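Let me begin by presenting the structure, written as structure tokens, before commenting on it.
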Amino acid sequence: MEALDERSSRILGDLFQGTHSFREGVDALRYRANHEDDLDLLDELEQCGYLRRENEKYWLSLTALSEIDSSGARDILQKAETIFSSLKTYYRENPRDHLMLSDLAIRTGLDVEDIKECLSYMVEGSWWGGRSGDFFTADNPHIKPAEAILKYRQFADVAPRARIE
-15 MEALDERSSR ILGDLFQGTH SFREGVDALR YRANHEDDLD LLDELEQCGY
35 LRRENEKYWL SLTALSEIDS SGARDILQKA ETIFSSLKTY YRENPRDHLM
85 LSDLAIRTGL DVEDIKECLS YMVEGSWWGG RSGDFFTADN PHIKPAEAIL
135 KYRQFADVAP RARIE
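Structure, rendered in structure tokens:
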């Protein structure tokens, strides 16, 4: 799949609204049952890396965020830059330690729920070394940057296709 067609963009936009509104992903089985005419396209969007299925929930991929026309998606990508910069600084100061998301919220001035949402996309990149399994349901969610974070000047360098337009 090269460029997204109108139908693909519509589906990704619909799924983004669901994941962004509830911050817990979209029930993949229910979505597929309610969109039976789009099953082949949903499979293709998964295979091409625009959608990912995690714990039977649909999430847009980091790449898909930059492909949809949404102020919410652009907002996530902008916050990801702030989070990444803070985590890079944290790694320089504490290369062996993980960081609680509540502490990351203090460091960045962002809401912890926004951080959870951003990190759920950001972990698709290869800059982290450890994390809570699910940022939304873990009792004390955390992230541990890896040395690889130092290789990138900004988060957009981790995922070049996910640049803020």
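Following the numbering used here, the numbering of the sequence shown begins with -15 at its first residue and continues without gaps.
Even glycine gets a Cβ: it sits at the ideal position worked out from N, Cα and C.
This one's a predicted model, so the numbers in the text were calculated from it and none came from an experiment.
Opening and closing residue of the alpha helix (DSSP H) in which residue i lies
i        : result
Leu134   : From DSSP, Leu134 is part of no alpha helix (DSSP H); its letter is neither H nor E.
Leu(-12) : Run containing Leu(-12): none; DSSP gives neither H nor E here.
Ser45    : Careful: Ser45 lies outside any alpha helix (DSSP H) and carries neither H nor E.
Beta-carbon gap between residue i and residue j smaller than 9 Å
i      : j       : result
His75  : Leu134  : The identity of residue 75 in the sequence shown is Tyr, whereas the question assumes His. Their beta carbons are under 9 Å apart, which means Tyr75 touches Leu134 by this criterion.
Leu71  : Leu(-4) : no
Lys128 : Gly113  : yes
Ala130 : Ser110  : yes
Glu38  : Gly2    : no
Ala64  : Glu40   : no
His19  : Ala57   : no
Reduced DSSP category for residue i - H, G, I as helix; E, B as strand; rest coil
i       : result
Ile148  : Any reading at Ile148 needs caution, since the residue's pLDDT is 46, under 50, leaving its predicted position unreliable; the model's value is listed next. Residue state, collapsed to three classes: coil.
Tyr34   : coil
Leu23   : helix
Ile(-5) : helix
Asp11   : strand
Residue i versus residue j: straight-line alpha-carbon distance, rounded
i     : j       : result
Ile60 : Phe139  : 12 Å
Ser50 : Pro79   : 30 Å
Thr47 : Phe68   : 17 Å
Leu26 : Arg14   : 13 Å
Asp87 : Ser(-7) : 36 Å
heavy atom of the ligand MG below 8 Å from residue i C-beta
i      : result
Trp111 : Of ligands this structure carries none, so the ligand MG is not represented either.
CB contact check: residue i to chain D, cutoff 9 Å
i     : result
Asp59 : In the structure shown, chain D cannot be found, because there is only a single protein chain.
Identify every run of the beta strand (DSSP E) within the stretch 59 to 124, keeping only runs that are complete inside it and at least 3 residues long; order them along the chain. Runs of the beta strand (DSSP E) inside the stretch 59 to 124: 112 to 115.
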